[in-house]
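The sequence shown begins at 1 in our numbering and counts up one residue at a time.
Have a look at the structure below before the remarks.
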Amino acid sequence: MEATVWFLTSNPGKLEEAQLHFGPLGYTIEQLVVPEGAIVEPQSDSLQDIAISKLEQAKAHLPSSDAMVMVEDSGLFINALDGFPGVYSSYVHETIGCQGLLRLLTHLESEDPVQHKNLRAASYHAVAALWDGKSMLVGLGECPGSLASEIHEGHGFGYDPVFVPLDLDDFGQPLPAGELGPTSTHGMAFGGVEIDVKHRFSHRRRALEQLLEQLP
Ligand code: ITT
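Quick look at the structure:
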């Protein structure tokens with residue numbers, strides 16, 4: 001029998017990616033829908049604190065007391081902006097969007113000619129927290145990359161049109177900026193590649209993997 005994981009999220013893109021990961025492992029992902037205003041997101045600069053607080057609140061809305069529930073909080077952290085928008089990623093996306101973010105970075109070249117480092121470096125971070133009916137498990141994931149100079153649309157959601165991941169080596173680990181690897185989007189942002197390609201690099205997949213490793 002398939003186990004159901006109730007996922008508290010309003011984001012259909014996150015649901016689809018979670019299903020892609022959990023499906024082959026015998027889990028079904030269902031969206032946990034709660035009354036408006038039922039979950040209060042705390043003010044915090046830690047994705048983990050936010051995810052754990054939301055998970056604790058979500059438990060009150062489960063269909064049964066032993067059901068599994070998950071929350072996953074993520075954000076885009078831009079090195080040159082000291083990690084901004086980070087925990088404010090949703091707000092920034094809703095207000096200035098991808099185009100506005102690129103405008104904030106127009107002064108940054110893609111490479112510093114002296115230090116040879118990518119001045120547009122950024123990373124996606126994800127924290128997944130799961131209540132398995134008895135205890136809470138937490139998984140962290142990171143996807144390093146950089147901000148594209150233009151919008152690549154067609155796939156994904158959120159900041160995917162402007163986020164280009166670093167290439168991966170033979171073991172699926174990110175390579176230093178500028179190094180070419182066997183797994184690559186060839187400079188394309190996630191918005192320009194299929195969901196299963198994004199999945200190979202994804203912060204979300206890494207967080208879910210770490211979380212599932214802890215399931216008894
Ligand atoms: P929840 O209901 O699950 O909170 P959300 O979309 O508000 O959905 P987050 O707060 O975790 O989710 O995400 C912060 C922002 O970062 C939001 O604008 C997302 O679209 C964006 N984001 C998170 N993961 C992303 C990904 O894999 N690709 C593109 N954008 C992503």
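C-beta atoms are modelled at their ideal positions from N, C-alpha and C, and glycine is treated no differently.
Bear in mind that the values here come from a model prediction, so they are computed numbers and not experimental data.
When the options are compared against residue i, the one with the closest alpha-carbon
i: Val-71; options: Ser-10, Ile-151 and Gly-187; result: Ser-10
i: Ser-44; options: Leu-140, Glu-17, Val-87 and Ala-80; result: Val-87
i: Phe-42; options: Gln-31, Pro-24 and Asp-73; result: The amino acid at residue 42 is misidentified as Phe; the sequence shows Pro. When each option's Cα is compared against that of Pro-42, the closest is Asp-73.
i: Asp-49; options: Val-138, Val-162, Glu-36 and Ser-89; result: Val-138
i: Gly-133; options: Arg-204, Ser-64, Gly-172 and Ala-126; result: Ser-64
i: Ala-58; options: Asp-66, Gly-75, Ile-39 and Leu-76; result: Ile-39
i: Gln-31; options: His-21, Gly-37, Pro-24 and Leu-15; result: Leu-15
i: His-186; options: Ala-3, His-152 and Asp-167; result: Asp-167
i: Glu-153; options: Glu-194, Phe-22, Glu-36 and Phe-77; result: Glu-194
i: Leu-55; options: Pro-216, Ala-128 and Phe-201; result: Ala-128
i: Phe-7; options: Leu-47, Arg-103 and Met-68; result: Met-68
i: Leu-211; options: Pro-176, Ala-18, Pro-174 and Gly-13; result: Ala-18
i: His-155; options: Ser-135, Asp-82 and Lys-198; result: Lys-198
i: Phe-77; options: Pro-182, Arg-206, Ala-60 and Ser-46; result: Ser-46
i: Ser-90; options: Leu-215, Gly-191 and Phe-157; result: Phe-157
i: Ser-126; options: Pro-174, Val-33, Ala-207 and Phe-22; result: Correcting the residue type first, residue 126 is Ala in the shown sequence and not Ser. Taking only the C-alpha atoms, the option nearest Ala-126 is Ala-207.
i: Cys-98; options: Tyr-159, Ser-53 and Gly-75; result: Tyr-159
i: Gly-23; options: Leu-108, Val-5 and Val-34; result: Val-5
Residue j beta carbon less than 8 Å from that of residue i
i: Val-92; j: Leu-101; result: yes
i: His-3; j: Gly-26; result: Position check: residue 3 holds Ala in this sequence, whereas His was assumed. The answer is yes: Cβ separation under 8 Å.
i: Arg-120; j: Leu-147; result: yes
i: Val-164; j: Gly-145; result: yes
i: Glu-150; j: Ser-123; result: no
i: Thr-183; j: Arg-200; result: yes
i: Gly-181; j: Asp-169; result: yes
First and last residue of the uninterrupted alpha helix (DSSP H) at residue i
i: Ala-51; result: 47 to 58
i: Ala-18; result: 12 to 22
i: Val-90; result: Correcting the residue type first, residue 90 is Ser in the shown sequence and not Val. 89 to 95 is the span of the alpha helix (DSSP H), which, as asked, contains Ser-90.
Closer than 7 Å: residue i CB and nearest the ligand ITT heavy atom
i: Asn-79; result: no
i: Ser-53; result: no
i: Tyr-124; result: yes
i: Gly-145; result: no
i: Phe-22; result: no
i: His-218; result: There is simply no residue 218 to check, as the chain begins at 1 and stops at 216 in what is shown.
i: Thr-9; result: yes
i: Asp-160; result: yes
i: Gly-156; result: yes
i: Leu-32; result: no
i: Ser-74; result: yes
i: Ser-44; result: no
i: Arg-217; result: Lying outside 1 to 216, the shown extent of the chain, residue 217 is not represented and no answer is given.
i: Lys-240; result: Coverage of the chain is limited to positions 1 through 216, which leaves residue 240 absent and any answer about it impossible.
First through last residue of the beta strand (DSSP E) which encompasses residue i
i: Tyr-124; result: 121 to 131
i: Val-71; result: 68 to 78
i: Ser-146; result: 136 to 147
i: Glu-217; result: Given a span of 1 to 216 for the chain in the structure shown, any question on residue 217 remains unanswerable.
i: Ser-5; result: According to the sequence shown, residue 5 is Val rather than Ser. Its beta strand (DSSP E) spans residues 3 to 7.
i: Phe-157; result: Phe-157 -> no beta strand (DSSP E), and no H or E assigned at all.
i: Phe-163; result: 163 to 165
Completely contained alpha helix (DSSP H) runs for the region 175 to 212, where each covers 4 or more residues: Entirely contained in the region 175 to 212, the alpha helix (DSSP H) runs reaching 4 residues are, in chain order, 195 to 201 and 203 to 212.
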